[in-house]
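Student: Before anything else, here's the structure in question.
4 protein chains.
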Amino acid sequence: MFKIAFIGGGINSAIGEVHRAASQMDGFFKLVAGAFSTHDAVNRATAETWGVSLERTYADYKDLLAKEKGKLDAVVILTPTDFHKDIIVDALRAGFHVVSEKSLATSVQEGEEIAKVIAETKGFFCTTYNYTGYPMVRELKQFIEDGKLGKIQQVQVEMPQEGFMRLGVQGEPPKPQAWRLKDTVIPKISLDLGSHLHNMVYFLTGERPERIVADQSTFGLFPQIVDNVGALAKYTNGVRAQIWFSKTALGNRNGLRIRVYGSEGSAEWFQLEPETLKTCDLRGHVSLCDRTGEVKIANQPRYNRFKAGHPAGFIEAFANYYEDIADCLSQFQKTGTFKSKYVCGIKTSLEGLAMMQAAAKSAQTDKWENV
Amino acid sequence: MFKIAFIGGGINSAIGEVHRAASQMDGFFKLVAGAFSTHDAVNRATAETWGVSLERTYADYKDLLAKEKGKLDAVVILTPTDFHKDIIVDALRAGFHVVSEKSLATSVQEGEEIAKVIAETKGFFCTTYNYTGYPMVRELKQFIEDGKLGKIQQVQVEMPQEGFMRLGVQGEPPKPQAWRLKDTVIPKISLDLGSHLHNMVYFLTGERPERIVADQSTFGLFPQIVDNVGALAKYTNGVRAQIWFSKTALGNRNGLRIRVYGSEGSAEWFQLEPETLKTCDLRGHVSLCDRTGEVKIANQPRYNRFKAGHPAGFIEAFANYYEDIADCLSQFQKTGTFKSKYVCGIKTSLEGLAMMQAAAKSAQTDKWENV
Amino acid sequence: MFKIAFIGGGINSAIGEVHRAASQMDGFFKLVAGAFSTHDAVNRATAETWGVSLERTYADYKDLLAKEKGKLDAVVILTPTDFHKDIIVDALRAGFHVVSEKSLATSVQEGEEIAKVIAETKGFFCTTYNYTGYPMVRELKQFIEDGKLGKIQQVQVEMPQEGFMRLGVQGEPPKPQAWRLKDTVIPKISLDLGSHLHNMVYFLTGERPERIVADQSTFGLFPQIVDNVGALAKYTNGVRAQIWFSKTALGNRNGLRIRVYGSEGSAEWFQLEPETLKTCDLRGHVSLCDRTGEVKIANQPRYNRFKAGHPAGFIEAFANYYEDIADCLSQFQKTGTFKSKYVCGIKTSLEGLAMMQAAAKSAQTDKWENV
Amino acid sequence: MFKIAFIGGGINSAIGEVHRAASQMDGFFKLVAGAFSTHDAVNRATAETWGVSLERTYADYKDLLAKEKGKLDAVVILTPTDFHKDIIVDALRAGFHVVSEKSLATSVQEGEEIAKVIAETKGFFCTTYNYTGYPMVRELKQFIEDGKLGKIQQVQVEMPQEGFMRLGVQGEPPKPQAWRLKDTVIPKISLDLGSHLHNMVYFLTGERPERIVADQSTFGLFPQIVDNVGALAKYTNGVRAQIWFSKTALGNRNGLRIRVYGSEGSAEWFQLEPETLKTCDLRGHVSLCDRTGEVKIANQPRYNRFKAGHPAGFIEAFANYYEDIADCLSQFQKTGTFKSKYVCGIKTSLEGLAMMQAAAKSAQTDKWENV
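Chains as they are written, first to last, in the numbering used here: chain D, 1 to 371; chain H, 1 to 371; chain Z, 1 to 371; chain Y, 1 to 371.
Right under this line is the structure:
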């Protein structure tokens with residue numbers, strides 16, 4: 001089990017909780033330290049919520065780097081992108097292994113500075129691109145590597161969202177974090193969404209972009225930033241890509257969709273239905289593939305915490321139920337009884353048996369039976 | 001954090017891993033002991049995989065009950081249903097709080113025996129019905145409680161599966177666990193699937209079944225067991241239900257679908273697309289609801305480990321990526337370098353920036369730009 | 001071309017227009033006479049709208065039978081079901097060939113009377129069950145005949161509608177035709193919807209129902225009639241069916257869905273997406289079939305008035321456009337000019353060329369081009 | 001009823017049958033003459049199939065123009081695009097009203113020549129863009145005109161097809177008509193598909209394209225022609241469009257999809273599910289609209305040949321059934337009996353009654369009943 005610390009990722013951030021839950025889920029990592037937030041109360045609350053010792057919780061990431069030397073297997077950088085470069089460089093120079101959220105940094109110049117330090121320090125460095133973790137995305141990668149689509153010809157990728165336009169239930173405008181509302185050399189939307197699309201195309205096809213033409217717009221409520229980008233791109237080996245990402249496309253919570261077309265077949269994956277890969281062969285036969293059947297990757301045990309037909313998310317739903325059980329146990333420990341809207345006690349469990357037993361009897365008697 | 005032990009649920013079982021991951025996800029429970037399997041090697045391997053001390057890993061659940069007294073907040077029963085009654089009764093009598101997988105037991109008689117012991121011991125007891133943990137199922141419950149569907153009139157529920165008929169890729173027949181292939185007073189399929197449907201209808205509507213007529217069939221490869229059940233049921237307050245569950249309905253990995261119709265509206269939830277609740281009001285207006293917008297339950301923080309648009313399962317996908325990072329770290333610790341099909345290093349991260357920066361430039365120059 | 005007359009089916013009826021358009025579409029029939037409505041103004045308006053000579057338009061169907069003898073190839077009965085028996089019997093006895101809308105009549109007794117007259121007169125008689133006309137339904141029938149699903153085991157059929165509950169936009173209640181609001185020995189909903197489901201199961205499987213258990217309810221706004229029926233049925237050769245039809249299932253305009261399960265595969269057809277047949281084989285491979293590819297029926301020219309990918313309905317949409325053109329021509333004939341929201345004149349047609357020519361130029365110059 | 005003639009559109013062409021059926025469906029037009037094909041046998045066969053007098057069927061369109069003067073309300077041009085310009089010009093100069101299939105012509109130069117002749121002759125001219133005939137497309141146009149989407153910001157349109165790559169069931173390559181395999185100044189794919197997308201954007205938004213950048217590729221089996229086009233376009237009033245059309249995108253029979261985003265809402269229409277318009281408002285509320293409920297256009301009688309819930313195509317399915325009836329009548333007229341796989345006679349019709357009557361009895365007796 002690798003011991004890790006978070007820099008950034010407090011409980012008030014968008015991604016802290018995801019990194020915590022994901023890193024702890026399978027028991028490969030243990031979160032033991034952190035500089036979760038520059039806001040002291042948040043920093044402490046995060047540590048307490050996640051069971052990290054307050055002694056190993058630091059107000060300043062530099063303290064963490066100074067005091068955790070030799071005690072960690074890696075630090076995970078979860079701050080806003082604007083701070084990535086400095087922290088990554090400092091951590092590498094301090095001898096830490098570094099895992100960073102995407103995107104790498106805010107500009108090519110910063111990115112190159114990081115690359116230089118990695119080369120100098122010979123340190124461990126990687127970024128997290130979570131969408132490539134879906135079993136059926138990995139199956140698609142394998143599918144392409146195995147030549148099932150033939151020569152890849154074009155990719156259609158899009159990631160429309162609505163966060164910079166959609167109002168709240170009471171009509172209240174969206175309030176993105178401040179750092180998202182300032183564009184520098186690369187618009188924040190391109191760092192945020194565009195970098196996922198770049199990564200996904202490379203992940204799947206292995207091809208590199210060579211030329212691009214793009215159109216950037218500002219449609220939403222924040223006039224100082226780009227919030228919609230369309231582009232055409234030419235990749236190595238003649239592959240074409242058409243790209244769209246947006247934060248002002250109403251109706252799209254997060255419509256990540258990838259379509260890959262080759263000389264022998266095609267495939268489509270849509271993140272809102274992540275368990276299905278739709279494919280078509282050269283004779284037009286359309287199949288819906290999932291984690292079962294003739295697949296090579298998605299049927300591996302590591303991708304099947306529970307069997308297919310129980311879509312990804314089953315465990316999260318089950319965790320919700322466990323939280324309810326925790327609540328019931330708390331009540332019971334205090335009062336010797338419990339009441340719950342959600343947790344099923346003996347009465348209903350028993351009734352379920354009675355109903356099924358009556359069904360079995362009905363099948364024999366050929367009559368309606370009382371439960 | 002509640003300290004729990006598993007009885008049953010070894011790494012070779014269908015549900016052990018799910019209970020482990022779900023119970024640990026949010027930090028409410030800690031698995032500290034177990035009698036995971038009567039098969040010694042499996043029992044030990046389970047303990048090692050999940051980091052449970054071998055000293056608190058028992059070959060026999062009775063030893064566990066004897067030696068863990070006072071050290072646990074609850075025991076979780078994950079054995080085949082046939083063993084539930086004896087273990088639950090023993091655990092309750094030994095003074096433990098008990099959480100049990102559904103179904104409660106194999107017959108009404110067994111269930112009543114358990115109920116009697118609960119009453120005698122005044123012990124804590126609940127069963128786990130995981131499907132009720134989905135945020136949008138809970139939203140639907142709230143929706144009904146708030147009267148948005150009016151007077152509930154009928155429920156259509158079904159849970160078709162294919163496991164007792166579908167062959168493997170090489171044509172190999174399915175091999176269900178032995179205990180699933182022996183029906184007693186209630187067919188195993190009714191204990192397994194029917195009890196979920198009973199529970200779901202009650203969970204959502206609060207109504208109790210009164211009369212049922214059913215038709216049981218054997219369509220699959222195991223002639224000694226029922227594998228398909230259709231039924232009509234009459235519930236309290238005039239509610240009607242139509243019920244179908246099957247293990248021989250090819251094409252259905254696990255097609256749990258619930259449709260509730262009332263005098264003022266209707267709602268539909270389909271487990272394979274668990275993030276969406278489809279509703280219709282009295283004037284025929286059809287809406288697709290998710291964790292955002294005008295909802296009361298599904299928008300609570302506890303159901304939003306990550307924001308809507310990132311369907312349930314996002315965290316599991318991310319956990320897959322973290323497993324890859326663990327692999328890279330291992331390689332790196334041994335060799336000072338790493339190679340990964342999946343994890344993104346500096347080169348591609350940097351290229352992403354270059355592509356987005358070229359896009360930004362293209363939007364200004366109105367020309368194709370090199371990446 | 002067969003010469004036909006309608007009895008019933010005036011322009012104010014639900015189905016007259018459908019029968020007219022469908023019968024005339026491919027040039028096999030010509031509507032030359034009618035007793036469209038007992039309401040004189042409607043009768044005449046129908047004749048005028050459809051170009052039927054007023055001389056061959058009759059106020060009373062008995063006159064039609066008397067005067068059209070020898071001039072028709074068939075009469076088509078489109079009246080409310082309550083009148084079917086008398087008219088069919090009269091038409092057969094008068095020597096006409098008879099085509100009747102389903103359902104045959106209102107009771108078994110009436111049906112048997114008709115059967116007797118058919119036998120006596122040796123007349124031509126058939127009923128119309130339109131849903132069996134869909135190409136993919138016929139493909140499914142062939143699929144089953146060819147044994148691709150193996151031994152048929154069960155059928156799940158349903159036809160939920162909402163017409164007896166759904167309110168109008170202003171909250172106005174539905175107003176079904178009067179004859180639909182009076183149940184006799186068989187509820188009207190069973191004549192209307194149930195007979196379709198019976199027919200569909202027989203059409204597809206060739207099996208005959210032997211035993212049935214049903215539950216009838218009244219959920220909607222018309223307390224005197226049954227509006228929801230659930231049933232289990234046992235068919236010849238051990239086939240099971242589960243059946244649901246309703247006029248009070250909000251959210252379902254007309255949710256006809258058929259699922260057939262056999263020992264070797266399964267298939268699903270949903271009328272709202274009529275171009276797709278979803279199938280699954282014994283190894284769990286799920287395919288989406290349409291009018292192209294490895295099909296035997298749906299690819300016949302008669303089912304491809306336009307090629308696949310242009311779903312059924314393409315022609316109707318095109319007919320809408322032709323109606324607009326008719327409007328433009330009328331304007332032009334009167335005024336020498338026309339104005340249309342819908343029809344595309346020279347300006348926009350020409351602009352389309354300009355845009356595509358600019359696109360072609362851009363692909364050569366690698367630059368943005370003016371349209 | 002307008003009298004029309006076809007030039008082109010023989011029964012061996014892609015679109016002749018569609019124009020015939022669509023133009024005749026509602027009784028606004030009558031096809032009375034034609035020069036359907038330069039291939040004499042096809043020309044005659046077409047006339048015979050469609051009941052056009054051979055005296056008014058011409059081998060050469062110039063003869064038609066010469067001899068039908070004063071006898072027609074319009075001529076409809078259905079030839080390959082390459083011939084449009086000459087025929088349109090000749091027809092206009094001969095004093096005919098002209099309806100032409102899209103695209104107008106093969107180049108801007110040709111198009112301008114036509115425009116000039118229209119201006120000179122003051123003749124009637126329009127083109128057919130069939131996709132704009134769908135009721136829900138027209139509803140969307142109205143929706144936009146009514147400001148429900150606010151200020152239109154961008155349009156995403158695509159029309160992927162697969163015809164230049166997909167093989168037949170036996171592996172046979174596609175065989176497009178010869179004229180489609182020769183590109184001139186505008187690639188044929190742009191005339192064929194691109195012109196639809198241009199038209200659709202204008203139809204819906206009223207905006208005109210100003211600038212475009214495009215990328216054309218050749219991916220399929222015909223190296224001399226462009227078969228895939230991606231583009232970005234800037235329209236009047238700051239509207240952006242992203243455009244894709246292809247004949248080599250396997251898995252897409254004809255994937256026409258249109259998404260319109262505005263400052264107050266969005267809407268999506270997909271031709272393969274033409275009855276549904278998916279919309280989203282500024283607060284993220286997603287609705288599925290159809291021909292019922294709060295619509296202004298799609299609920300008009302002319303778009304409801306049959307009621308909603310019976311998707312477009314219902315009539316075509318019914319016409320299939322009528323063709324079967326014609327076959328039965330033929331058999332019966334010859335032999336006094338008939339046999340049909342498809343048409344339902346007395347036996348099954350009567351059985352349907354028996355089944356429903358047994359269901360009604362069961363609901364009263366609370367028992368299984370024999371059919």
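C-beta: ideal position from N, C-alpha, C; glycine also.
1) May I have the straight-line CA-CA distance separating residue 63 of chain H from residue 292 of chain D, to the nearest angstrom?
2) Taking Cβ to Cβ, would you say residue 265 of chain Y is nearer than 8 Å to residue 282 of chain Y?
3) Just the Cα atoms here: how many angstroms apart are residue 183 of chain Z and residue 311 of chain Z?
4) Which residues bound the beta strand (DSSP E) around residue 109 of chain Z?
5) Hey, how far is the Cα of residue 256 of chain H from the Cα of residue 270 of chain H?
6) At 3 residues or longer, and completely inside the region 231-255 of chain Z: list those beta strand (DSSP E) runs for me, N to C.
7) Please check if any C-beta of chain Y sits within less than 8 Å of the C-beta of residue 46 of chain Z.
8) Which whole-angstrom value describes the C-beta separation of residue 149 of chain Z and residue 230 of chain H, a residue pair presumed to lie in contact below a C-beta threshold of 8 Å?
9) Can you round the beta-carbon distance between residue 82 of chain H and residue 179 of chain H to whole angstroms, since I take them to be within the 8 Å contact cut?
10) List the residues of chain H whose Cβ lies closer than 7 Å to the Cβ of residue 171 of chain D, in chain order.
11) Taking only the alpha-carbon atoms, compute the straight-line gap between residue 158 of chain Y and residue 129 of chain Y and give it to the nearest angstrom.
12) Which two residues bound the contiguous beta strand (DSSP E) that contains residue 266 of chain Z?
13) By alpha-carbon positions, which one of D:236, D:295, D:287 and D:132 ends up nearest to residue 320 of chain H?
14) In its own chain, which residues sit with a C-beta less than 6 Å from the C-beta of residue 97 of chain Z, not counting the 5 before and 5 after it?
15) Does the region 343-361 of chain H come within contact of the region 33-49 of chain D, defined as at least 3 CB pairs closer than 8 Å?
16) Is there contact here, the region 335-344 of chain H with the region 353-366 of chain H, by at least three beta-carbon pairs under 8 Å?
17) To the nearest angstrom, how far is it from the Cα of residue 6 of chain Z to the Cα of residue 76 of chain Z?
18) Which residue's Cα is closest to the Cα of residue 238 of chain D: D:210, D:111 and D:248?
19) Closer than 7 Å, Cβ to Cβ, to anything on chain Y: give me those residues from the region 279-294 of chain H, in chain order.
20) Helix, strand or coil for residue 71 of chain H per DSSP?
21) Of all the options H:205, H:66, H:30 and H:102, which has the alpha carbon lying nearest to the alpha carbon of residue 147 of chain H?
22) Residue 261 of chain Z and residue 154 of chain Z look like a contact to me (Cβ under 8 Å); what is the Cβ gap, rounded to whole Å?
23) Hey, could you find the ends of the alpha helix (DSSP H) residue 46 of chain Z is sitting in?
24) Measure the alpha-carbon distance for residue 20 of chain Z versus residue 164 of chain H and round it to whole angstroms.
25) Is residue 147 of chain Z helix, strand or coil by DSSP?
26) Between residue 249 of chain D and chain Y, is there a C-beta pair that is closer than 8 Å?
27) Of all the options Y:171, Y:106 and Y:144, which has the alpha carbon lying nearest to the alpha carbon of residue 188 of chain Y?
28) Along chain C, which residues have their Cβ under 9 Å away from the Cβ of residue 97 of chain H?
29) Please check the pair residue 156 of chain H and residue 244 of chain Z, which I expect to be a contact at CB under 8 Å, by giving their CB distance rounded to whole angstroms.
30) Exposed or buried, which one is residue 323 of chain Z when buried takes at least 16 other CB atoms within 10 Å?
31) Output the boundary residues of the alpha helix (DSSP H) element that contains residue 210 of chain D.
32) Looking at C-alpha atoms only, which residue of H:95, H:122, H:89 and H:94 is the closest neighbour of residue 111 of chain H?
33) Could you name the residues that DSSP lists as bridge partners for residue 287 of chain Y?
34) How would you call residue 362 of chain D, buried or exposed, if buried means at least 16 neighbouring beta carbons within 10 angstroms?
35) Distance check for residue 176 of chain Z and residue 11 of chain Z, CA to CA, integer angstroms please.
36) List, in order along the chain, the chain H residues whose C-beta lies closer than 8 Å to that of residue 219 of chain Z?
Tutor: Reading it off the structure:
1) Distance between the alpha carbons of residue 63 of chain H and residue 292 of chain D: 39 Å.
2) Yes, they are a contact pair.
3) Counting only the Cα atoms, residue 311 of chain Z lies some 38 Å from residue 183 of chain Z.
4) Segment 108-121 is the alpha helix (DSSP H) holding residue 109 of chain Z; no beta strand (DSSP E) there.
5) CA-to-CA, the gap between residue 256 of chain H and residue 270 of chain H works out to about 6 Å.
6) Here the runs fully enclosed are 240-246.
7) By this cut-off, residue 46 of chain Z is not an interface position.
8) Between residue 230 of chain H and residue 149 of chain Z the Cβ distance is about 19 Å, and since that is not below 8 Å, they are no contact.
9) 6 Å between Cβ atoms; contact.
10) Result: empty, since nearest Cβ-Cβ is about 12 Å, beyond 7 Å.
11) Distance between the alpha carbons of residue 158 of chain Y and residue 129 of chain Y is about 16 Å.
12) Residue 266 of chain Z -> beta strand (DSSP E) spans 265-270.
13) The shortest Cα separation from residue 320 of chain H among D:236, D:295, D:287 and D:132 belongs to D:132.
14) Contacts found: 74 and 124.
15) In short, these stretches do not touch, since the Cβ pair count stays below three.
16) The region 335-344 of chain H is not in contact with the region 353-366 of chain H.
17) Their Cα atoms are separated by approximately 5 Å.
18) Closest by alpha carbon: D:210.
19) Under the 7 Å Cβ criterion, the region 279-294 of chain H contributes 283, 284, 285, 286, 287, 288, 292 and 293.
20) In the displayed model, residue 71 of chain H falls within coil according to three-state DSSP, outside both helix and strand.
21) Here the closest residue by C-alpha is H:205.
22) Right, their Cβ atoms sit about 5 Å apart.
23) In the DSSP assignment, residue 46 of chain Z falls within the unbroken alpha helix (DSSP H) covering 40-50.
24) Approximately 49 Å, taken between the alpha carbons.
25) Here residue 147 of chain Z sits in coil by DSSP.
26) It does: the Cβ of residue 249 of chain D has a partner Cβ on chain Y nearer than 8 Å.
27) Considering only alpha carbons, the answer is Y:106.
28) Protein chains in the displayed structure are D, H, Z and Y, and chain C is not among them.
29) The pair is a contact, with the Cβ atoms about 7 Å apart (cut-off 8 Å).
30) With a threshold of 16 other beta carbon atoms within 10 Å, residue 323 of chain Z meets it and is buried.
31) Counting along the chain, residue 210 of chain D falls outside any alpha helix (DSSP H), though it belongs to the beta strand (DSSP E) covering 209-217.
32) If we check each option's Cα against that of residue 111 of chain H, H:89 comes out closest.
33) Looking at the DSSP output, residue 287 of chain Y shares a beta bridge with H:287 and Y:279.
34) Classification of residue 362 of chain D: buried, given that the 10 Å Cβ count is 16 or more.
35) So the two alpha carbons sit approximately 16 Å from each other.
36) Ordered by position in chain H, the residues that pass the 8 Å Cβ test against residue 219 of chain Z are 153, 154, 261 and 263.
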